Structure formats: C-alpha cells, structure tokens
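Residue numbers (the working numbering): 2 to 1201.
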Amino acid sequence: MIAEPTLATRSSLQKENSIDVTSSSSAPHTPNVKNENRQKTGRGKRRAREGSENAKRRRSEAGCGSRGGADRNQVKNGGDVEAVTLFEVVTMGKSAMQSVVDDWIEAYQIDRDTALLDLISFFIQCSGCKGVVTAEMFQSKHDAEVMNKMVEELDEGSGLQYKKFLAFPWILTVTWPMDVDSGEYPLTMPGPYWKKFRSNFCEFVAVLVSHCQYSVIFDSYLMDTLISLLSELSDSRVRAFRHTCTLAAVKILSALVGVTLNLGVNIDNTQRLYEVERVKISSKRASPRVEKIERKINELQDKRHEIENMMDAIFKGVFLKRYRDVITEIRSICMEELGVWMRLYSPVFLNDSYLKYIGWMLHDKQPDVRLKCLLGLKALYSDALLASKLDLFTSRFKERMVSMTLDKDHEVAVQAMKLLTIISQSCEDVLTAEDCKHMYQFVYASHRPLAATAGEFVYKKLLCPPEQQEKEDGLSEQDERRILNAARIRTLIQFFKDSELHQHVAYLVDSLWDSAASLLKDWDFLTALLMEETSPQETGLTRAQESTVIEVLLACVRQAAEGPPQAGRGTGKKVITAKERKQQMDDCIRLTEHFIVTLPGLLKKYSEDAEKVTHFLKIPQYFHVEASDTGHFEKHLPALLTQISTVLEQHTDSGVLEAGSRTFQSLCCEDMAAHQLSTSSRDQLIDQWVYSLHKLLGDLPEEGLNLAADDEKTCHILATLKRVAAFHNAHDLSKWRLYDPVSGLLSLEVQHGGLPDQIVVHSLQCVCYAVLWQQNTSGEGVPSRERALAQRNQLRSFCEKCQRCLSHSHPAVKEQAFLSLCDVLTAHSYQLLVMEHTGAAPLLYTPDPKLQKALISFVQEHVFTGTDHENHGKATESDAGANKLDDLHRKRNLLAAYCKLIVNSVLEMSTAAEIFKHYMKYYNDFGDIIKETLSRTRQMDKIESARALVLCLQQLFLRLKQEQDSGKVCSSSIQTFSSIKELARRFSLTFGWDQIKSRESIAMIHRDGIEFVFRGFVQTGERHSPPYISYLTILSEFSSKLLRPDKKTVYSYLQRYAGEHTVNNREDCWLPLIYYRASLLATAEGEDCCSYISTDTFKQPSVANRSRSPSLRHVASDGEMHSTSSLACKTPHVKIPPQLASTEIKGKKSHRTSENRDEKRDGDGTLRIRPLPEAALPDQGQCGPTTDDVDIDTVDVELT
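Take a look at the structure:
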C-alpha cells in the first residue's frame, strides 16, 4: 500500500519535519469522483488541479467504503473504472499520455512537493509494492546521521522489509511484506494487458521528460529528486524495485538524449543567426541583438551541460550498477538502451569508454542479453558515419563476434551472421579469409534461417554483381549479362567444390534462394549454358562443372515447384501466404513451359551420361500442366516422350530406370491433360520389354544351368528384368501377366541353382511387385472363392521361394528375399483388415513356424552385428565413414521391415522379445525403432506386450545363469546382470506416469516374475534359496510402477509362494528377496530400496546403484502387519539424496490423483480400488503353501 500526505495536512506536517502517509496504493473510489486526467474545455483545461491525487483519493475513500476491493479487481483486470492515480491512468490507458503529463506539470508548478510525491508513489506502485511510504523532511546536507539511516533490512518478527533512502528533500522509508519479492509485479505479469502496461509505462516516462524540457526540468529540483529516487530503488535487493526503476531510469536517459539533441539543434540555429548578425554589423561597437544572441547561446550550452550531467548521473548511478545484474531482463534493458544512446548521441556515448560494456556483455550467459548487444551493434555498423568510429572495438571483439555464429541459441547465431555481413560491407578487409571460410560453412546448417543468412553473406561476398564497367565493343547488353552470369555460376561451382562439406548441392541452393533467386531461376541462362549457347568470348564448362550445374538446375526446379525447405531443415509446418503461393505457381508455369521445349535437347546431348540423364529425367515430375498452356504442352510432349523412351532403352542403371518410371507415373496421371499420350508411350515400352523377356525365357527350362555360361543372354535377361522391375514398382503391370514367367525363373534357381545373383535379386523384386499389385487390386472388392484361393496359393508359393532364398550364399539375394517376404506379408495383413470377414477367410495365410524362425534368425545375423572393420581396413577414413553410414541405413531398413510384421499381427507378439533384448546394446542405432515397436504392441494388447518384456528379461537371465553355472568366461554376446537390470529399468520407464493405465500389465509382470523364481520351490525347514532368486532384483525395477495398494497385494502373493519365514529370512542367499520385499513395502511415493546384489556375481551388495535406490526403511501404515514395522529397525537405511526431494514432492500429487481416479467408495466409507482382471492374477491353486495374509482390508484386489 502506497501512503502519501494529503494536501490539508501537508503544511503542518512540514513544520514537524516528517510526513506519515497511510493511504492505500490502489485506493477505491466512487464513480462520481472527477477524473483528474479527463479532457478539459475552455479555461478549465488550462486551470491547474485544485488538489493532489492524494486529496482526491482521501475524498473517494470516504464515499466508497467497502467497494475498494471490487474496484481494485476491476483495475487489475482492465475493467471500466475511472482512474484516480497516475498508476491507474497508465495501467488502464484511459487517456493520451500528453494530457496526463500536462495535468501533472500544472500541478507541479502550483505545489511541486505534493506533485513530486505523486510521481514518487507512481514509480513505487509500478514496482508492484503493497507497502507504506513514509517521508521525513531533510534540511541539513551536513547531517552526519543521514548516511547511517540509509539501510535496507528485514524484520522477521513483524514480517516486514524496510528500505530507507534519500530522495532530496526527503528521506523516504518504504515498508512492505517480506513475501513481495516472490510474487509477480506488473513488468513480469503475463498477458497482453500487462504487455501494454509496459509500453504505456515507457511512453509515460518519455513524454514526461519531453514535456518538461522547456520548463521544470531545469529547476534543479525535479530531476535531482527523481534521479536520486531511481538510483536508490534500482540498487535494492528486491527484484521488483530494481527491474522497474532501472527501466524507468534508462528510459529517462534516452529521453534526455532527445532533449540534448533538440538543444544541439537550437544551438546550431542560434549560432548561424549569430554569424549572420555579426556580418551585418558595420561598426565595431557591440550590438544589443548580438549580445542577446550570445546570451542565448550561453544559456543553451549551459542547459546542455546540465542535461549531460543528469545523463552522467543516471549512467553512473544506475547503469554501472545494473548492467551486470543477476536478473537477465535488467541486463537486457541496459544493453538495449545503451545501443540507442550510442546511435542517437554518438559524440558522447560512441567511444571506447562505453563500447567496452557491449563488448563485455557479448560473453553473457543468457542469449537474450547477447541478442540485445548484437542488435545494438547492427544499428551502429549500418551507419557508415558511425562505423568509422568502431575500428578499435572491431579489432578487439571481432573474434568474439565471429565465434557467436556458433551460438547455441539460433536467433543469436542468426543476428551474429547478419552483423558480420554488415561489417563485411561497411568495413573492408576486416574479415580475413579464414573468417570468411568459417562463415561460408553455415550455408549447410540445419537451421534454415541461419543457413539463409549465411547464403546472403556468400551472395554479397562472392556472387553479387560487380560495379558497372565500360561496355566492350561488339557485345550487346544481353551478351554482357550472360557473361556476368556465367562468371557467377562458375564462382558458385568453385565454392561448392572447395567447401567439401556436403555432397548435395540442394542445401546450398536452399540457402541462396532468398538472396540469389534471380540468378537461380534464370532457366534460359542455365539451359543455354549447358547447351553451350554462349558467346565466343566464353570458355566451355568441364565435365565436372557440367555435372554440378545440372545438380544446381534440378535443385532450383525442385525449390521453385515445392517451396518447403530440405529434409532436416524444416522449422515446423510453414503457412504459405497468398503472395508466396502465387509466386510459386508462376515459377511452376514458367519452368513447365520452358523445359517442355528444352528438355528433349538436353536429354539428347547428355544421353551417354547416366548420372546427368537421371537428373534431367526428374525435372518433368515438377511440371504443373493444369496451370500452363495446354496446347503448348501437348505440342512438345511427343518429342519429350520419345527422348525419354530412347534413354530408357539405352541405359540399365537403376537410377535412370527409377527416375524414368516416376516421370511416367506423374505424366500418366488421369487428371493430366496428356494422360492418353503418356500412357500410350509407356505401354509401348512395356510391350517391347515383356515380349523380349518371354522370348529370352522361352527355352530356358531346356537349357537348365547353361544360362550362366551365356554372357550375352544373361545380360539381356538382366537388363530386361531391371527395366520391368523398375516400372512394376510404380505402375500396375498385372495385365502383362509377368508373375508366371519370372516365378518360373525363381523356381529354376530354387531347384537347381546356378543363376547369376543379380538375376535372382531382380526376379524377386519383379515377383514381389506382381504379388503386391494383385493384393492391392483385390482389396477393392470381395473376390470370389476360387480367386481368393488362387491368391493364397500364389502368396504361399512366393513365400516358400523366398524362404529358400534366405539361405542363399549371396548377401544381396538374402536381403532381397527378406524384404520381399516382409512386404508381401505386411500387405496381406492390411488386405485382410480392409476386406469384409466373409470374403477374407479363403485369403488367410499364416507363416509357418519354420518361416518365422528363419525371419528372426536373419535379423539376428544381419542386423544385430558389429561393424565389420576388416572390410574397411584399406579404405580411407571418409570412405569408411560413408560405408558405415550406408550399412547402418541398410540394417535399419531390415529391422523396420521385421518390426512391421509384429505390429501388423503377422508374427506373434512373443517374437518381439528377440528384438527387445537389444534395446540397450544397440540403443544409438536402433533405439527409436525398438521403442516405437514397443509402443505399438502396447497399443494393440497391453498384456501380451508385457509378456514379451517378461520373456525377454527371463531369456537373458537364463542365458547368463547357464554361462555362469558352466564355469566358462561369459562371451561378449552375453549381457551382464547389471545390463539386464538396466534394461528392466528402461522397460519400466516406458510405462509412463499413468499407473492406472498400466496397472494390469505391471501386475502380470510381477506375477510371472514371482512364479518364475519360485517354480518348483517347496517350503521346508532347510534354508535353500531357489536357483533363480536373483531375478527378483531385476523384477524390483517394476515395483515403482505399482500403486500403493497393489504393492500390498503383490507382497501378499509373494508370501503365499515363499512363506512367511522365508520372506523374513535375513541370510545372504536371500538378499534378492529382501531387496524385492523392500521395494514392495516402500509406501512413500518415489521411495525404493537399495541394491544388495552384485552386478555380475549375484552375491555382493551393489554400491554403485545406491544413489538411485531408496531406503529399505518402511513406515507402517494402517492395515499393515507388525512384522513389517519391526523389519524397518533391522534393515540398513540409505538416505534419499537431497536433490531428489523436490522430485518426490512433485510426484506425490500426480500419483495420488491417478489413484483416486480408480478408487470407489462403498457405502461404509471404505476406499476400494477396481480389482485387477483375472487374466493378470492367478488362482490360489497355483500357489504353494501359504501363511497368514497381510491385512489389506481396504484393498479389493485379490491374487487368490
């Protein structure tokens, strides 16, 4: 609450040298109170206020009473109430700031003390202070006790904070509650309302100084008091005071800069007038007018000096103390305003004494501060006059500015790149060749804004057209333009070659698109350059340069047609504006109309080069026929189709064939204008290939194994199979009936062998595509029974052939057979899903166990294997890295194909256990695929998915147990006990925080684990532990996912299997049971048990995992047996680390909420939870002998 003196009592209180104020900071008021800031008419507008805000608030309080709280809420929420104080006026934005300030200046001229107290209260209220301000009059400047009174302390007894400081002529004391620093204040409150308040606050300060510059600002009273107030409050340890008053102080300094500039203009104008008057004087005697002008000049200079002293006081009293404040926002404000001062008033601020602060803060830890420094420097370097004064700063901090292009904050890196671009243009020879090389590499950055900014730097540094030179004789303007563009393209090609940072020019084109689009979209020039339609003065391109230009051309076509950035560079879904959409459409029309004419010539010229032809064949895929001239397109399309057919007949490269197939697919779309013409051309090609294939395979059975000896025939068969397979992938060739002849070729390989490996690979591809297209067409309706049986027999026959090929000697054949099997089985599963149940029964095909075993064996042998370093021993480091990356990509494809079989219910979910085993070992390579598979299987069936996890852990445990029991040293393929335990922990984390959702699964995991450990165990007097008791340590990783009542239920189930005396056994051989028991009895959320089990030997306690393991201490709760509490005194206690305390507290609410959602209250008030399903809990008959159960009368879950 801000308290201020009333007008009536002020004079009497001044006599006593103290003012005690107790009014509210947000005083309530009645609607009939006149608004001090409303617009006035006639003489009333110029008349000063009759009383201060404090007096008006006093009167409003008397008439308002208890309505103050509602009015304050209205002010807080932007309600429609009448403003009384300056704070309310600025907060609500009711009036223009000029009228508000004018009213205050009028009041200040009448009674400056009262008006100044209003202004002081305004700044304190803007800090969000809800305290009391007390003012004591300070008369003697030599009072020795004054400095002793300048304190800021806490009174814990009363719960108040005090700050006493000098704001001449008062000693102000602000008292506020101790918790005010932890709350929000206006400058930090969220929402548009408070954002507007910040702008209104800054505007008020600027307008106040601007309107006072011709009157009260030079009275040596207002500014001295205000600067003293803001300097003291900005040095407070309360964040709200520091933030608000620092912002006010630097905004006042910015406004004073404007006043100084106005004074400078007046001084210059007066000085010129003085010079004119002196010229007019003919006599030597002084003229009164000249003397008057001289006095005015001296007066203006004195005022400017006084303003500069004010600015210096604010800079030293506020800026120097706050520019390194612990609060990021305060440091950002200081750096932002310092840049403004340097730009506006460079004679004073633009020197090394002030520039050093910006240079130092370039190293700030917070990105917002660094960003404000860069933005300020951008404004300085953009001005050529100011940039010339920054030479010393540039040499001192250039290295830091260059390094900021690697900033972890993307916006800071972008602004650093823009700043260096400006520096390179305004300050020549500042950036060295090494600096430029460092910046060039960012054109390949994954963050597109940074890459585009680096592209602009490259364009301005290397590709920007030079200054106009003298026109050469005999050359037209068009020829000069072509020569210039050719030089720029060669520079771009050389830059791409020298960078050696990326293999794909598409990313370079994407970076240059915003700055060099005029060059990159010049299709006529690029085409003419490739066709060598250049002037005699130019030299031709080399083959390497031609390849790069063709890549650039294709990348430009794709960029113009599609628009979105390259893969890996997307910053989210971009909303294309209408202007961008129109520009994109215009570019598509231009490239369509251009390349439909020029592309046949390019294909003809480069028809011998498979790589270049592949790029050219992709261009028609970006045609936009609908928007272009249809007649023009259809006129030139036959020539293009003819040339494409010629190229496809000439090449057998997979890239050329795939590009041609995709091009025909886009041209043969039914909505295309030239659909019939393109389809006819495609059919003619396929007719030729199918006829040739039938002819080549006609006498094959008679020749048998002699095919391998006939190289010419083998080459013809292989070439035809490549073409047919490439087109069969994108086109439905079912009417040519390719399945039978190619399937016969596979049958020959399966029965006799001896076929070349590539023929087998492409035969598998062709037959696979035939089966997939058959399944796709049959899914459109319900087939007849005969047709369904024929399709199932066809599918079975193909799967049997692929299964035989899985044992082929060549890796390529085995991989193709595996991928073909996965594809057809996945498509078959989808076919059964979309078809009606009545027609799906004859189609049903389930892989036999041998095939399933062969599939998982293939995955184990070809996916989960280490890198073969021997194959890359003689290769260079770059080649080895590229080969390793390709090998990883191939393995990921194989694993993803197999996981699709699991998630599509082709294979049993239990087969996923073999995949889950490798989750930890191959996490970096395949962790995302395995995790997605686990998530999909859990969505299909939570219980079966959990069974797969249990099966995975048990198989790993048994394998390790067998190796240890045999006495042999465990091989590297055997996972250690610690790795199995860690794998269980990772599995537990995949269940998430919703314990209700995973309740049945977790219960099943514990049930199966207990049964696995105590299977065959008989409770006798002898104290022999079960052989698999160490598995309980692994099982305890899932205890944290149990609800508190379910822990008791599982513990009861454990007692029935193990027996009461066994559960309470303290011998070393039973330590895993103690560990598991403690994890179940830990009732506090986040509490667990410490590990006693060794990582690999199962015998010694584990100390490494104790930081993660909670205490065995158990706090007894209602309904628990007494033996539980007695155990807490015997078991060791490990304290939870302090840094985990907050995590525990946060976790309690979420766990408690999830439990309550599943709880039901009976009529007697007892809380009962929904019982677990019978599928997850066994019958009592399956358990061993039991002892007394734990009292769980409040739990309705039974494991009996």
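Ideal Cβ placement from N, Cα and C applies to all residues, glycine included.
The model shown is predicted, which means the values in this text are computed figures rather than measured ones.
- If you look at residue 518, you'll find it in the alpha helix (DSSP H) that goes 518-521.
- Residue 403 is not a Cβ neighbour of residue 430, given a cutoff of 7 angstroms.
- With respect to the 7 angstroms criterion, residue 227 and residue 267 are not classified as neighbours on the basis of their beta carbons.
- Apart from sequence neighbours up to five positions away, the residues of its chain that approach residue 333 with a beta-carbon distance below 7 angstroms are 369, 370 and 373, ordered along the chain.
- Burial check for residue 282: the Cβ neighbour count within 10 Å stays below 16, so the residue is exposed.
- Of the residues 1040, 386, 672 and 462, the one whose Cα lies closest to the Cα of residue 418 is 462.
- For residue 907, the three-state secondary structure derived from DSSP is coil.
- Taking every protein chain shown into account, the CB of residue 1079 has 16 or more other CB atoms within 10 angstroms, so this residue is buried.
- Taking residue 741 as reference, the option from 699, 776, 732 and 1006 with the minimal CA-CA separation is 699.
- DSSP places residue 1043 in the coil class of the three-state scheme, outside both helix and strand.
- Relative to residue 925, the option among 892, 912 and 941 whose CA is nearest is 892.
- Counting every other CB atom within 10 Å of its CB across the protein chains shown gives residue 846 a total of 16 or more, marking it as buried.
- Around the beta carbon of residue 687, 16 or more other beta carbons sit within 10 angstroms, so the residue counts as buried.
- About 11 angstroms separates the CB atoms of residue 315 and residue 323; that is not less than 8 angstroms, and the two are not in contact.
- Secondary structure in the region 783-856: the alpha helix (DSSP H) runs of 4 residues or longer, each lying completely within the stretch, are 786-806, 812-835 and 838-841 in chain order.
- By the criterion of a C-beta distance shorter than 7 angstroms, residue 923 is surrounded in its chain by 865, once the five residues flanking it on both sides are discounted.
- Pairing residue 801 with residue 825, the inter-Cα distance amounts to about 12 angstroms.
- Under the DSSP assignment, residue 922 falls outside any alpha helix (DSSP H); it carries neither an H nor an E label.
- No Cβ-Cβ contact shorter than 7 angstroms links residue 828 with residue 765.
- For residue 205, the enclosing alpha helix (DSSP H) covers residues 193-213.
- Residue range 1072-1082 is occupied by the alpha helix (DSSP H) that includes residue 1073.
- Counting the other CB atoms within 10 Å of its CB gives residue 692 a total below 16, which places it among the exposed residues.
- By the neighbour-count criterion, in which 16 or more other beta carbons inside 10 Å mark a residue as buried, residue 280 falls on the exposed side.
- Residue environment for residue 786: exposed (fewer than 16 other C-beta atoms within 10 angstroms of its C-beta).
- For the 7 angstroms CB-CB criterion, residue 713 and residue 675 do not form a contact.
- Looking at the backbone, the Cα of residue 559 and that of residue 585 are separated by about 11 angstroms.
- Closest by C-alpha distance to residue 458, out of 433, 448, 1075 and 425, is 425.
- Shown here, residue 1052 sits in a helix according to DSSP, grouped into three states.
- A direct Cα-Cα distance of roughly 9 angstroms separates residue 110 from residue 216.
- Leaving aside the five residues that flank residue 411 on each side, the residues in its chain whose CB is nearer than 8 angstroms to its CB run, in chain order, 448, 450 and 451.
- In the three-state reduction of the DSSP assignment, residue 725 falls in the helix class.
- Three or more pairs of CB atoms, one per stretch, sit closer than 8 angstroms, so the region 601-612 contacts the region 638-650.
- Each residue's CA atom was taken as its position, placing residue 519 and residue 550 some 16 angstroms apart.
- Taking a cut-off of 8 angstroms for Cβ pairs, the region 336-355 and the region 268-278 do not touch, as fewer than three such pairs fall below it.
- Just measuring C-alpha positions, the residue of 340, 659, 522 and 662 sitting nearest residue 590 is 522.
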